[in-house]
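Q: Take a look at the following structure, please.
There are 2 protein chains.
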Amino acid sequence: MKAAVRWAGDAIEYIDQRRLPHETHLECARTVNELEAAIRTLAIRGAPALGVFGAYSVALLRQTIGDDAAFSAAVHRVRTARPTAVNLGWAIDRVLAADDMLAEAHAIHEEQRLTDRLIAQAALPLFSKTTRVLTHCNTGPIATAGSGTALGAIIGAARAGKRLHVYVSETRPLLQGARLTTYELEQAGIDATLIVDAAAAFTIQQKDVDLVIVGADRIARNGDTANKVGTYGLAIAAAHHGIPFYVAAPRSSFDLCLESGAQIPIEERDGDEVRAFGGVATAAAGTRAYNPAFDVTPGRLVTAFVTEYGVLQPPYAETVPELAYRPNVEVFA
Amino acid sequence: MKAAVRWAGDAIEYIDQRRLPHETHLECARTVNELEAAIRTLAIRGAPALGVFGAYSVALLRQTIGDDAAFSAAVHRVRTARPTAVNLGWAIDRVLAADDMLAEAHAIHEEQRLTDRLIAQAALPLFSKTTRVLTHCNTGPIATAGSGTALGAIIGAARAGKRLHVYVSETRPLLQGARLTTYELEQAGIDATLIVDAAAAFTIQQKDVDLVIVGADRIARNGDTANKVGTYGLAIAAAHHGIPFYVAAPRSSFDLCLESGAQIPIEERDGDEVRAFGGVATAAAGTRAYNPAFDVTPGRLVTAFVTEYGVLQPPYAETVPELAYRPNVEVFA
């Protein structure tokens, strides 16, 4: 498997995730137009991967744009290409504040790799010897430019000898579960079964699913979690069946400035994503559609957060803000 | 709008629902192969419409097959083409027991039309002056060969002057919501918004949905309800948000022989429906898929059933079996 995101000297090389699983196509972004389009079209996606991509974007733009005002405007375009994932803005701010921007971007990427390994380590005790897991969207190596968050934890547990069966919800409208997660699970040699999103609650019941684990795009101080649309319904279904609902995410996905999820901006994408699939219209062209890319799961439905600093339990209003005082993972590891 | 199912003398004429909304294509079934295929491929679907189609099928087969054993075998093939909807077997049994099979099939069709009107009438008080409704799959005129059950109730309420906004979940894998329900709502001039199934819980919360109403394929004596996969998750989400969850269905969808939903056979369809859409593969070909066409919602999550005999309230173990003693709707009306 090629790297999801890679610094290539005068460009950022990345896998165009829209073409997976049928084709592993490497693409290069050099200009601000290309950087912005890569993010906006979801050629590159996944909150932590967006952070790494954003970090390299700033370093690249600084190399190519001499004028400070033009540079700032270009960075702003990258920063606002998608509004919900906090990692993008977080990584951009870190790079902007550094003397050596490229070195800082590399450091962010390296920290992400280490963070993913630490998340998988922290998650290991959550899996029994034999565990049936349900996950949503894609949170593997492709999504983080490391080893993954929720899916990284699943892959790590399987490598540590746990026998897992993973139910993957396809994740309409863009099918990241069907296209990316089943592909990464197959590469990792883990048993997986694909379902439509609407079958999740029945699958939890019929297949005795033991736990649900997902990633996150932004988490508020009280544990309210913005993640791919569908997450909220899964959390409600998990609570209804009395099984744990875990969110695996690095500190960079926590937005300690926000008191609650009500303050998280939710990206609404074009209705055509709902009205069509793969260029084939499913509904009449005039049909109105509501297409929020994310939803917000209240912290009270989250059993625990799995971070590079270990597992956070409720009350989140106390345990989440403490993340601010943790040393960086290099120091910590 | 042409009739969803129509007796044509030496054939059953029906709209091939797979081609909607792009094309209203009338198809004719004459042989047992054609009848069985129409049901199995979902060219004709919707529990009440399957009942009407099954009724005419028996009359047609009796016209064309002289040999009793061959006739029985042909009827058996039609009866077992889909296992979950009880209306198919119920209608077939009624026609088989009648002296004039064709007259009985016509009577079943006529009763279905009357039943739908009575369901819409009974549902009217459930809608406030202004109501935001969420529905799943397709339960309109196309699905019943009458005026519809849940969607018929919605259309009836709008005609009676209620201001409605209907959120329609697309209903993967076969997209009956996107293809059929948005189409029928547009024809009826009712405001509708299409969402992906995974967005249902967030939509209920963000758009202040007032109630959820769906149809049913088979209902047990205790109120456990088999309906299109996704219904169970919607019922859980409705309960979580404290809004009513209604099931609109004719008596013919109640199976009074079954104590609970655990006894309802659930059709599992080909995994390719999940792995692809419109001939475009979404997941790798080797991906395993779980594709239950229906799920079972426990009666305790159903606020009320809307039938041609009025609204049934819990405890369903008492109110549902009483349906057996009601006179036929012709007498009743």
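Protein chains in written order, with our numbering: chain A, 674 to 1006; chain B, 674 to 1006. Where a beta carbon is used, it is the ideal one built from N, C-alpha and C, also for glycine.
Can you tell me which residues form a DSSP beta bridge with B/N900?
A: DSSP output for B/N900 lists B/D968 as bridge partner(s).
Q: Residues in the same chain with beta-carbon distance under 8 Å from B/V748, minus the five sequence neighbours each way, listed in chain order, please.
A: S730, V731, L734, I765 and L769
Q: Cβ of A/G972 less than 9 Å from any chain B Cβ?
A: no
Q: CA-CA distance, A/A921 and A/T822?
A: For A/A921 and A/T822, the distance between alpha carbons rounds to 6 Å.
Q: Nearest to B/A754 by CA position, among B/H779, B/D772 and B/G727, is which residue?
A: Nearest C-alpha to B/A754 among B/H779, B/D772 and B/G727: B/G727.
Q: Between A/F875 and B/D968, what straight-line distance do the alpha-carbon atoms span, to the nearest angstrom?
A: 6 Å
Q: If the criterion is Cβ atoms closer than 9 Å, does the pair B/A710 and B/A702 meet it?
A: yes
Q: Could you check whether the stretch 689-698 of chain B touches the stretch 934-944 of chain A, counting it as contact only if at least three pairs of C-beta atoms, one from each stretch, sit closer than 8 Å?
A: no
Q: Is it buried or exposed, A/Y998, if we count other Cβ atoms within 10 angstroms and call 16 or more buried?
A: With fewer than 16 other Cβ atoms from the protein chains shown falling within 10 Å of its own Cβ, A/Y998 counts as exposed.
Q: Nearest by alpha-carbon distance to B/R656: which of B/G739, B/D689 and B/A743 is it?
A: The structure shown does not extend to residue 656 of chain B, since chain B is modelled only from 674 through 1006, so no value can be given for it.
Q: Please name the residue, chosen from A/T970, A/E777 and A/Y989, that lies closest to A/T904 on a Cα-to-Cα basis.
A: A/T970
Q: At 3 residues or longer, what runs of the beta strand (DSSP E) sit wholly inside the stretch 796-856 of chain A?
A: You should have 803-809 and 836-842.
Q: In whole angstroms, what is the alpha-carbon distance linking A/H914 and A/R805?
A: 14 Å
Q: Since I believe B/R790 is in contact with B/I781 (beta carbons under 8 Å), could you give me their beta-carbon distance rounded to a whole number of angstroms?
A: Between B/R790 and B/I781 the Cβ distance is about 15 Å, and since that is not below 8 Å, they are no contact.
Q: Once you ignore the five residues that flank A/K835 on each side, which residues in its own chain have a CB closer than 7 Å to its CB?
A: Once the five neighbours on either side are set aside, the close Cβ partners of A/K835 are F800, K802 and T804.
Q: Would a C-beta distance cut-off of 9 Å place A/V869 and A/T854 closer than the cut-off?
A: no
Q: B/Y919 bridges to which residues according to DSSP?
A: B/I886 and B/A977
Q: Does DSSP classify B/G934 as helix, strand or coil?
A: helix
Q: Considering B/I877, what are the terminal residues of the alpha helix (DSSP H) in which it resides?
A: A873 to Q879
Q: Sort B/A873, B/E940, B/N895 and B/Q736 by Cα distance to B/L974 and report the nearest one.
A: B/N895
Q: What beta strand (DSSP E) runs, 3 residues minimum, are completely inside the stretch 681-733 of chain B?
A: Qualifying beta strand (DSSP E) stretches, in chain order: 685-688 and 699-702.
Q: On a CA-only basis, which of A/I827, A/A871 and A/L699 is nearest B/I909? Give me that one, please.
A: A/A871
Q: For A/D943, which of A/T714, A/T844 and A/C930 has the nearest alpha-carbon?
A: A/T714
Q: What did DSSP end up calling B/D864 once you bin it into helix, strand or coil?
A: strand
Q: Run through chain A and tell me which residues come within less than 9 Å of B/R845, C-beta to C-beta.
A: E843, R845, V869, D870, A871 and A872
Q: In chain B, which residues lie with their C-beta within 9 Å of the C-beta of A/R961?
A: T855, D864, A865, T866 and L867
Q: Any idea if A/A962 is buried or exposed, counting beta-carbon neighbours within 10 angstroms, 16 or more meaning buried?
A: buried
Q: If the criterion is Cβ atoms closer than 9 Å, does the pair B/L824 and B/F927 meet it?
A: no
Q: Go ahead and label A/L708 buried or exposed: buried means 16 or more other beta carbons lie within 10 angstroms of its beta carbon, across all protein chains shown.
A: buried
Q: Just the C-alpha distance for B/P756 and B/P798, rounded to the nearest angstrom, thanks.
A: B/P756 and B/P798: Cα-Cα distance of roughly 34 Å.
Q: Specify, as a first and last residue, the run of the beta strand (DSSP E) that A/G983 falls within.
A: G983 to L985
Q: State the Cα-Cα distance for the pair A/A912 and A/T898, rounded to the nearest angstrom.
A: Taking the straight line from one Cα to the other gives about 15 Å.
Q: Residues of chain B with CB under 8 Å from A/V887, in chain order?
A: Using a Cβ-Cβ cut-off of 8 Å, A/V887 is close to nothing in chain B; its nearest Cβ partner there is about 12 Å away.
Q: Note down, in chain order, every chain A residue with its Cβ under 9 Å from the Cβ of B/F950.
A: L848, F950, G951, V953 and T955
Q: Considering B/N760, what are the terminal residues of the alpha helix (DSSP H) in which it resides?
A: Bounds of the alpha helix (DSSP H) holding B/N760 are V759 to L769.
Q: For the stretch 913-935 of chain B, which residues have a beta carbon sitting closer than 8 Å to at least one beta carbon of chain A?
A: H913
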